[in-house]
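Taking it in order: structure first as structure tokens, then the write-up.
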Amino acid sequence: MTDVTADAVAPDARRAGRIVYGATVVFLCAWVLVPLYFLLINTLSSPQAVNAFPKSFIPAFDLGSLTFFANFSGMLNALKNSVIVAAMTMVMSIVIGAPAGYALSRFDFRGKELFRLLILLTRAFPLPLLALPLAVLFIRTGLDDTAFGLALVHTTLAIPFAVLITYSLFSGIPIELEEAAWTLGCTRLTAFTKVVLPLILPGITASAIFAFVISWNEVFAAAVLTIENRTLTAFLLQTLGEAPLHLKFAGGFILVVPALIFIFAVRKYLFAMWGIANR
Amino acid sequence: MAVIEIKNVAKTFGAYTALHDINLTIADQEFMVLLGASGCGKTTLLRIIAGLETASTGEVWIGGRRVDHLAPKDRGIAMVFQNYAVFPHLTVFENIGFGLRMQKLPNDEVRRRVERTAGLMQIDQLLKRYSGELSGGQRQRVAVARALAMEPDVILMDEPLSNLDALLRMEMRAELKGVLAESNTTAIYVTHDQVEAMSMADRISVMHKGEIVQAATPLEVYRNPAAEFVAGFIGNPPMNFLPATSQGGGKWAVAGELFDGPDRSAPLKFAIRPEDLRPAEQGLTATAKVIEPLGAHLLVTCEIDGEIFRAILDSDMTVRPGDRITLAPQPDRIRWFDPETTLSAV
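Chains A and B, in that order, give the protein sequences.
Residue numbers for the first sequence follow UniProt numbering, so the first one is 1 and each next one is one higher.
Residue numbers for the second sequence follow UniProt numbering, so the first one is 1 and each next one is one higher.
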């Protein structure tokens, strides 16, 4: 760090600040985008181009790897499983998490602080530690190798986030808005659906996407608890271990793209602040 | 037509009593102000009338109908909140029309009423905007328009102007008074601002520690406070008090001067408003301490027998700190309070 003492230095310091700011933005964007770009061009290149050097920065639009992948046996099934499990996780974590968040925000009850701590503690146990007893339990109850069983585990992973996100969402909505709705002819229920729900919908959506992505990316529980009905991550882990490089790229691409599309589709809700960015 | 009757309403929160046995009748189309310091129970009383809070005991009647078991929406009221509570996800138009839509009124009726009340509150240019794009004063107008559009029997307002800056508050005060006078609704208005109370109210209920100390017209509350608390709370600066001792036959000695008062022997407090004092040859002798020239007049803080005593004098007077001045109280403006009960002794 340089010492900036006189006022005369201030414009220089400000320019330096702008440069650092710009550089940081570029760096962070590159950090995210460059690997994605490489993934993209390698997926769309022929197997020979993938292994060649130097690499081309323009994709060749060779769909060979992808076609091969799509026709790979079990592949579409795994994709379908992943979507089913992630969707179930999304629904269950919101259905369970949002009421818990509402209760934490609106009511005072004994053990509230402890409850909040315990919710976070569910993330304190490493999954490998729980996997074996879970597997045994699932086999006994017949939940093993089912989408629902796996979604249960993923819901457990996603719920702390769902609860804490919705808790802060509900806390951000003044109770007066609900009260105003009551005086304007609403019952408790209609006040919730007409006032509270529209306001928290962006946050609920964000929270749901988060749950979806957690489930979509999760590989350990999926690999341990499913055999026939593998999700995409577990399936890829199993089959791509010895696969050639271009197939690994195609697999990675197929994993990343749905999550990206999903987040892109609902980006408005993630960024929107009412009245500011309603475009 | 909506008379509001509050009968023996009390409210306790655990061991704390927020309201003691309130009885109050508010006439049809009356503008009633509940005035008091924070924590006096005025907002609790308003919320009980609105149905946002339930009374521990007692009854609330609106327009001859007992309402204390009804939900807020069934009471024929509309409310304006301190923080406006304008719905951020709806446009100004939909905010004002919210209650009308809940009543399932036809579209053109909603449009007609929204446009009329928006015009009344001078926000007809803003109907397409969202709350985030409005200033505090504009949000305030939306909140009032939303309540008026309901054409309620009763409009309840909880410190609606307290978040506005001083100039805007003065403007809105006059405007609100005009609009409400035309709307033929009964209004209950909660505030801690005595200027708002004095300037807007038909009647003021002064509240203190969960009780209504006095409910009367602004002038009556000002001229004839029912208790020492009211005399000290209303008026800026407040009333002056001095101890008085009975000399028999309705004569009272106050700081060495004799005044006519009630005929009784127990001690009383002598009270006079600062503006009811004139410099004179004979009267109360005071030592000036602080002189504050306020342009229109001179606020002189003095001391009489160790008690603070304020006088509002003509700004042409020349007074310096340390001067001894003689102040004559206007005889018909002198009030007497019982120090035991703190109530007016007349």
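Every residue, glycine too, gets a C-beta built ideally from N, C-alpha and C.
Owing to the predicted nature of the structure, the values given are computational and were not obtained by experimental measurement.
Count the other CB atoms, across all protein chains shown, that sit within 10 Å of the CB of residue i; report buried if there are 16 or more and exposed otherwise.
{"i": "T43 of chain A", "result": "buried"}
{"i": "residue 347 of chain B", "result": "This structure cannot speak to residue 347 of chain B, because chain B is shown only from 1 to 346."}
{"i": "Y21 of chain A", "result": "exposed"}
{"i": "W31 of chain A", "result": "exposed"}
{"i": "K128 of chain B", "result": "exposed"}
{"i": "L327 of chain B", "result": "buried"}
{"i": "G39 of chain B", "result": "exposed"}
{"i": "T155 of chain A", "result": "buried"}
{"i": "I234 of chain B", "result": "buried"}
{"i": "G112 of chain A", "result": "The sequence shown places Lys at residue 112 of chain A, not Gly. So K112 of chain A counts as exposed."}
{"i": "E196 of chain B", "result": "buried"}
{"i": "Y16 of chain B", "result": "exposed"}
{"i": "L180 of chain B", "result": "buried"}
{"i": "Q138 of chain B", "result": "buried"}
{"i": "I155 of chain B", "result": "buried"}
{"i": "L52 of chain B", "result": "buried"}
{"i": "T226 of chain A", "result": "buried"}
{"i": "G101 of chain A", "result": "buried"}
{"i": "residue 379 of chain B", "result": "With chain B running from 1 to 346 in the structure shown, residue 379 of chain B is simply not present."}
{"i": "C29 of chain A", "result": "exposed"}
On the DSSP bridge list, what partners appear for residue i?
{"i": "I204 of chain A", "result": "Looking at the DSSP assignment, I204 of chain A forms no beta bridge with any residue, so it has no partner."}
{"i": "K7 of chain B", "result": "B:E59"}
{"i": "S344 of chain B", "result": "B:F337"}
{"i": "Y16 of chain B", "result": "B:F13"}
{"i": "E303 of chain B", "result": "B:T287 and B:I308"}
{"i": "F259 of chain B", "result": "B:W252"}
{"i": "T25 of chain B", "result": "B:E5"}
{"i": "I325 of chain B", "result": "B:A286"}
{"i": "L277 of chain B", "result": "B:P329"}
{"i": "D314 of chain B", "result": "B:H297"}
{"i": "A78 of chain B", "result": "B:I155"}
{"i": "F31 of chain B", "result": "B:A187"}
{"i": "E109 of chain B", "result": "None, per the DSSP bridge assignment."}
Taking the straight line between their C-alpha atoms, what separation do you get for residue i and residue j?
{"i": "residue 378 of chain B", "j": "T54 of chain B", "result": "The requested residue 378 of chain B is not part of the displayed model; chain B covers only 1 to 346."}
{"i": "I173 of chain A", "j": "I84 of chain A", "result": "33 Å"}
{"i": "W336 of chain B", "j": "T245 of chain B", "result": "12 Å"}
{"i": "I119 of chain A", "j": "T24 of chain A", "result": "35 Å"}
{"i": "A216 of chain B", "j": "S205 of chain B", "result": "7 Å"}
{"i": "D68 of chain B", "j": "I6 of chain B", "result": "10 Å"}
{"i": "N83 of chain B", "j": "G203 of chain A", "result": "23 Å"}
{"i": "L120 of chain B", "j": "L35 of chain B", "result": "27 Å"}
{"i": "L19 of chain B", "j": "P258 of chain A", "result": "60 Å"}
{"i": "I276 of chain A", "j": "G252 of chain A", "result": "Residue confidence for I276 of chain A is low, a pLDDT of 34 falling below 50, so the modelled location carries little weight; the figure read from the coordinates is stated next. Taking the straight line from one Cα to the other gives about 37 Å."}
{"i": "R101 of chain B", "j": "L126 of chain B", "result": "19 Å"}
{"i": "D124 of chain B", "j": "R66 of chain B", "result": "37 Å"}
{"i": "F229 of chain B", "j": "F109 of chain A", "result": "39 Å"}
{"i": "W274 of chain A", "j": "V80 of chain B", "result": "Low confidence applies here, because W274 of chain A scores a pLDDT of 35, under 50, leaving its location unreliable and the question unanswered by this model."}
{"i": "E159 of chain B", "j": "A50 of chain B", "result": "14 Å"}
{"i": "P106 of chain B", "j": "F249 of chain A", "result": "59 Å"}
{"i": "R312 of chain B", "j": "T285 of chain B", "result": "Correcting the residue type first, residue 312 of chain B is Ile in the shown sequence and not Arg. Computed Cα separation, rounded: 15 Å."}
{"i": "W61 of chain B", "j": "E179 of chain A", "result": "21 Å"}
{"i": "S207 of chain A", "j": "V91 of chain A", "result": "10 Å"}
{"i": "A151 of chain A", "j": "D153 of chain B", "result": "54 Å"}
{"i": "F31 of chain B", "j": "M157 of chain B", "result": "11 Å"}
Discussion item. Count Cβ pairs between the segment 44 to 52 of chain B and the segment 131 to 141 of chain A that sit closer than 8 Å; are there 3 or more?
Written reply: no
Worksheet item: When the Cβ atoms of the segment 62 to 78 of chain A are set against those of the segment 232 to 251 of chain A, are three or more pairs found closer than 8 Å?
Response: yes
Worksheet item: Do the segment 26 to 44 of chain A and the segment 191 to 205 of chain A make contact, defined as three or more Cβ pairs closer than 8 Å?
Response: no
Discussion item. Suppose only complete runs of 3+ residues qualify. What are the beta strand (DSSP E) ranges in the segment 133 to 171 of chain B, listed by chain order?
Written reply: 154 to 158
Practice prompt. Identify every run of the beta strand (DSSP E) within the segment 177 to 248 of chain B, keeping only runs that are complete inside it and at least 3 residues long; order them along the chain.
Written response: 186 to 191, 203 to 208, 211 to 216 and 240 to 248
Item to complete: Starting from the N-terminal side, write out each stretch of the alpha helix (DSSP H) that is 4 residues or longer and does not extend beyond the segment 24 to 99 of chain A.
Response: 47 to 51 and 64 to 71
Worksheet item: Within the chosen definition, does the segment 108 to 118 of chain B reach the segment 77 to 91 of chain B through at least 3 CB pairs nearer than 8 Å?
Response: no
Worksheet item: Three or more C-beta pairs closer than 8 Å, one from the segment 156 to 173 of chain A and one from the segment 92 to 102 of chain A: is that the case here?
Response: yes
Worksheet item: Does the segment 93 to 101 of chain B touch the segment 171 to 188 of chain B, meaning 3 or more C-beta pairs lie closer than 8 Å?
Response: no
Discussion item. Tell me whether the segment 316 to 324 of chain B and the segment 240 to 256 of chain B touch, counting them as touching only if at least three CB pairs, one residue from each stretch, are closer than 8 Å.
Written reply: no
Worksheet item: So, do the segment 221 to 229 of chain B and the segment 183 to 190 of chain B have three or more beta carbon pairs nearer to each other than 8 Å?
Response: no
Fill in: Cβ pair count under 8 Å reaching 3, the segment 164 to 172 of chain B against the segment 24 to 34 of chain B
no
Worksheet item: Taking only runs of the alpha helix (DSSP H) that begin and end inside the segment 218 to 255 of chain A, which ones reach a length of at least 4 residues, in chain order?
Response: 220 to 225 and 232 to 239
Worksheet item: In chain order, which continuous runs of the alpha helix (DSSP H) of length 4 or greater are located wholly inside the segment 116 to 193 of chain A?
Response: 127 to 141, 147 to 171, 175 to 183 and 188 to 191
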